[in-house]
Amino acid sequence: MLRELWAERDPRVPPHRRIDADGHPTVAELEDSIRTNQPSSIGLLAVERKAAHDVIGYCGLIDAGRGSEGAPELAFELLRRVWRQGYATEASLAVLDWARSSGHERLWATVWEWNTASRRVLAKVGFTETERKEVDAVYGTTLFTTRRL
């Protein structure tokens, strides 16, 4: 599933987040990355549909080091074939509950300005856009959002 996500990413996403010309990251590299991550209140979780028993993406908390006061970042990405079915919202709400029960008081999330679907998901689950933005001449503007738990 991760490899499929990397292969189908929007071309506006920076190349370090896509499969490169040499085929990296490979399935083995992705598996190794998953195995070396230690369990904590930070991490990405597989999003699985109960009825279909298939993994359709990920959602979780990451420590990207760009948020305020050490708050973790909400991150999610789903396969295109399941977009617009409410899975990102449902998974994000579950992760918000996990974050709250883990003692986090605030979360933040970044989103490309052109990614209106993800901006809608973040708004639905209570994130508000801040004044902070990062502009990249090639890939566009990254918006910063935040939410109190």
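Our numbering runs 34 ahead of the 1-based position in the sequence shown.
Note that beta-carbon positions come from the ideal geometry of N, C-alpha and C, so glycine has one too.
According to the DSSP assignment, aspartate 88 belongs to the beta strand (DSSP E) that extends over 88-96. The beta strand (DSSP E) runs of length 3 or more contained entirely in the region 106-183 are, from start to end of the chain, 107-112, 140-146, 162-170, 174-182. Shown here, alanine 80 sits in a strand according to DSSP, grouped into three states. Within a 10 Å sphere around the beta-carbon of valine 169 sit fewer than 16 other beta-carbons, which makes this residue exposed. Rounded to the nearest angstrom, the gap between the Cα atoms of tryptophan 117 and arginine 154 is 12 Å. It is roughly 8 Å from the alpha-carbon of leucine 112 to the alpha-carbon of cysteine 93.
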